[in-house]
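Novice:
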Amino acid sequence: MNFRTALLLGASLASMASTALAAGQCRAESATTLTPLLELYTSEGCSSCPPADRWLQGLRADGMAPQKVTALAFHVDYWDYIGWKDRFASPAYGARQQAAVRRAGGRTVYTPQVMLNGADLRNWRSAALPPPSKPARA
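Read in order, the letters of the sequence shown correspond to residues 19 to 156 in this note's numbering.
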């Protein structure tokens, strides 16, 4: 083994040892309540999506602080073929949407689609979001 290889091996082992020590010090705790998860599946190429984008952005102004709801927006790429490529889209977001719809027992993905705690929220314009809830007991 030459000197350079030995040096790289030693540096790698030292790095792994410090990572293992740091991982042993990492700790996470769940809160006493569960925060609702709100997912918006949207696309720049979707003419119906701007109102949903504005609705999601307005949640904070309506008092939906991060402690009350976790809101995420995912730009899907499956509309890119019609000519308006979404610069924020990712194939992973479309796959995430398809998986979420399947878990909820559905078969159709669309935009804008809002999922609340894993369920399709078709009436998102007028829906009252649930307050945080107590976690389920195992």
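We treat Cβ as the ideally placed atom computed from N, Cα and C, and that holds for glycine. These numbers come from a predicted model, not from an experiment.
1) Taking buried to mean at least 16 other C-beta atoms within 10 Å of its own C-beta, is C64 buried or exposed?
2) Any Cβ of chain C within less than 8 angstroms of the Cβ of L90?
3) Which residues in the same chain as W142 place their Cβ atom closer than 6 angstroms to its Cβ, once the five residues preceding and following it in sequence are excluded?
4) My output table needs one value for L139: the three-state DSSP class, helix, strand or coil.
5) Quick check for students: name the residue ranges of the alpha helix (DSSP H) that lie wholly in the stretch 68 to 144, counting only runs of 4 or more.
6) Alpha carbon to alpha carbon, how far is T53 from T88?
7) Leaving aside the five residues before and after L56 along the sequence, list all residues of the same chain whose C-beta is less than 6 angstroms from its C-beta, in chain order.
8) Using the rule of at least 16 other Cβ atoms within 10 Å of the residue's Cβ for burial, across every protein chain shown, is S66 buried or exposed?
9) Taking the beta strand (DSSP E) that T51 belongs to, which residues open and close that run?
10) On a Cα-Cα basis, can you pick out the residue from L77, P130 and A117 that is closest to P68?
11) Enumerate in chain order the residues of its own chain whose CB-to-CB distance from Y96 is below 7 angstroms, with the five nearest sequence positions on each side excluded.
12) Among Q43, C44, R45 and Y59, which residue has its Cα nearest to the Cα of N139?
13) Buried or exposed for Q115, please, with buried defined as at least 16 other CB atoms from any protein chain shown within 10 angstroms of its CB.
Specialist: The answer reads as follows:
1) Looking up residue 64 in the sequence shown gives position 46. By the 10 Å Cβ count, C64 comes out buried.
2) This model lacks chain C altogether; it includes just one protein chain.
3) The count along the sequence shown starts at 1 and reaches residue 142 at position 124. Cβ neighbours of W142 beyond the five flanking positions: V132.
4) Counted from its first residue, the sequence shown places residue 139 at position 121. It is coil, neither helix nor strand.
5) 109 to 121
6) Within the sequence shown, residue 53 is the residue found at index 35, counting from 1. Within the sequence shown, residue 88 is the residue found at index 70, counting from 1. Spanning the two alpha carbons is a distance of roughly 7 angstroms.
7) For the purposes of this step, residue 56 is taken as residue 38 along the sequence shown, with counting starting at 1. So the list reads V87, A89 and L134, once near-sequence residues are dropped.
8) For the purposes of this step, residue 66 is taken as residue 48 along the sequence shown, with counting starting at 1. It counts as exposed.
9) Stepping through the sequence shown from its first residue, residue 51 is reached at position 33. Taken as a continuous stretch (DSSP letters only), T51 belongs to no beta strand (DSSP E), as it is neither H nor E.
10) Numbered from its first residue, the sequence shown carries residue 68 at position 50. Of the candidates L77, P130 and A117, the one whose C-alpha sits nearest the C-alpha of P68 is P130.
11) Position 78 of the sequence shown, counted from the start, is the residue given in the question as residue 96. Closer than 7 angstroms at the Cβ level, and outside the excluded window around Y96, lie G112.
12) On the sequence shown, position 121 is the one that residue 139 refers to. Note on identity: in this sequence residue 139 is Leu, with Asn being the wrong assignment. Minimum Cα distance to L139 is reached at Y59.
13) Residue 115 sits at position 97 when you count from the first residue of the sequence shown. Classification for Q115: buried.
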